[in-house]
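Written below as structure tokens is the structure these notes are about.
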Amino acid sequence: MAMPHNKTEEDITAEVLQRFEQTPDPRLRQIMLGLIKHLHAFVKEVELTEAEWFQAIEILTEAGRMCTDKRQEFILFSDTLGVSMVVDLIAHRKPDGATESTVFGPFHRLGAPELPAGGNIARLDKAGPPTLVSGRVLNLDDEPIEGALLDVWQAQSSGLYDSQDESLNELHMRGKFRSDAEGRYLVRTVLPVNYPIPSDGPVGRMLRATGRHPWRPAHIHFVISADGYEPVTTHIFDRTDPYLGSDAVFAVKDSLICDFVRHESAAGEAVRLGIDPPYYTAEFDFRLKPAAEQRTNVLDAQRRLAALGARAAE
Ligand code: BEZ
Ligand code: FE
Numbered sequence: 003m004a005m006p007h008n009k010t011e012e013d014i015t016a017e018v019l020q021r022f023e024q025t026p027d028p029r030l031r032q033i034m035l036g037l038i039k040h041l042h043a044f045v046k047e048v049e050l051t052e053a054e055w056f057q058a059i060e061i062l063t064e065a066g067r068m069c070t071d072k073r074q075e076f077i078l079f080s081d082t083l084g085v086s087m088v089v090d091l092i093a094h095r096k097p098d099g100a101t102e103s104t105v106f107g108p109f110h111r112l113g114a115p116e117l118p119a120g121g122n123i124a125r126l127d128k129a130g131p132p133t134l135v136s137g138r139v140l141n142l143d144d145e146p147i148e149g150a151l152l153d154v155w156q157a158q159s160s161g162l163y164d165s166q167d168e169s170l171n172e173l174h175m176r177g178k179f180r181s182d183a184e185g186r187y188l189v190r191t192v193l194p195v196n197y198p199i200p201s202d203g204p205v206g207r208m209l210r211a212t213g214r215h216p217w218r219p220a221h222i223h224f225v226i227s228a229d230g231y232e233p234v235t236t237h238i239f240d241r242t243d244p245y246l247g248s249d250a251v252f253a254v255k256d257s258l259i260c261d262f263v264r265h266e267s268a269a270g271e272a273v274r275l276g277i278d279p280p281y282y283t284a285e286f287d288f289r290l291k292p293a294a295e296q297r298t299n300v301l302d303a304q305r306r307l308a309a310l311g312a313r314a315a316e
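The structure is reproduced here in structure tokens:
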């Protein structure tokens, strides 16, 4: 159907939608039609001015320029706008006993060393209280999964990730661990702290302009994978943290909150590992569900993203 040339706001939306109607891939067609419908409706609802439109282009350009292998401003936008968590919740709608997932965040790095059980990911962090995180990797019948890979990362006790810390030029607070025949894992680290997400770019300006704080509650990141199971990207959070109810990236789920218990005298693994009190322990069991063949592999997507960052740094 020929479209009129003296277009109204409705005409232009209808014409754009019509051009995308012929998209051969049905899923891409659905996404593009939905995107145009909502994007145009948003622009019309707020009556976006030319200056505001130009400002949006500048913000996106600045976000793109900031992205390197160490900084991912678009993930930060997605996280702080709550989009990452909506995508996560759609992907995992029904509670099924498996460990719940949460945001991947922008601070994962490839190449973390594989460490033995009890290996210390915080060897350069002398300020944080020593902490042992242990538990089991299980299937949905509570049977142990042997050989599961736990990719762990965390901010230093300064609140900075290694990639943000200019005094460091090596990987730190990162390690990969394997579960044993009973599904057990043991990670030595320091007590996680709450920290502000990077606020020196457009995301920080958005938070300040909208009266939002940038803080994340104390947590440790995990990606857990095992043959035949769906990988899970998640965190464990410290139950005592004051920001649990106002995480800047909306990533807290009740089932991921965990007790970090303080000990004044050494016992058990702490003795074997030569850890002097005071120290903390946290216990958390991860449950994986069987792999669903047709599901997009989240880990592959994350690896592609990491590779994109590495290329940006070249
Ligand atoms: C993080 O926990 O590392 C993180 C997640 C989302 C945005 C910023 C940081
Ligand atoms: Fe984090």
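3 is the number of the first residue of the sequence shown in my numbering; add one for each residue after it. Note that the Cβ used here is the ideal one computed from N, Cα and C, for glycine as well. Since we're looking at a predicted model, the values are computed, not measured.
Residue j beta carbon less than 8 Å from that of residue i
i, j, result
"I147", "V139", "yes"
"A220", "L151", "no"
"H237", "A250", "no"
"G137", "F286", "yes"
"P154", "R176", "The sequence given here places Val at residue 154; Pro does not occur at that position. Cβ distance < 8 Å, so V154 and R176 count as in contact."
"Y231", "L290", "yes"
"E116", "L188", "no"
"L173", "G113", "yes"
"T133", "A284", "yes"
"I33", "V18", "no"
"V205", "E75", "yes"
"I199", "R218", "yes"
"F239", "I259", "yes"
"F109", "S159", "no"
"L142", "A100", "yes"
"D243", "N196", "yes"
"I77", "Q156", "no"
"S317", "E102", "Summary: the structure shown does not reach residue 317, with the chain confined to residues 3 through 316, and so no result is reported for it."
"F22", "R31", "yes"
Helix, strand or coil at residue i [DSSP, three-state]
i, result
"G177", "strand"
"Q296", "Here Q296 scores only 48 on pLDDT, less than 50, and its place in the model should not be relied on; the value that follows carries that caveat. Coil, per DSSP."
"D182", "coil"
"T283", "strand"
"T82", "helix"
"I77", "helix"
"Q158", "coil"
"D164", "helix"
Sheet register partners of residue i (DSSP bridge)
i, result
"V225", "D153 and T235"
"I368", "In this structure the chain extends from 3 to 316, so residue 368 is not present and cannot be described."
"F288", "V139"
"E116", "K178"
"R218", "Y197"
"A122", "According to the sequence shown, residue 122 is Asn rather than Ala. R190, per the DSSP bridge assignment."
"P146", "L140"
"T133", "T191 and Y282"
"R264", "Y282"
First and last residue of the uninterrupted alpha helix (DSSP H) at residue i
i, result
"G66", "E52 to M68"
"G36", "P28 to V48"
"P204", "P204 to A211"
"A272", "E271 to R274"
"V85", "V85 to A93"
"Q20", "E11 to F22"
*Assess, as a yes-or-no matter, whether the stretch 65-84 is touched by the stretch 43-54 under the definition of 3 or more beta carbon pairs within less than 8 Å.*
no
If contact is defined by three or more beta carbon pairs under 8 Å, each pair taking one atom from either stretch, is the stretch 190-197 in contact with the stretch 122-136? yes
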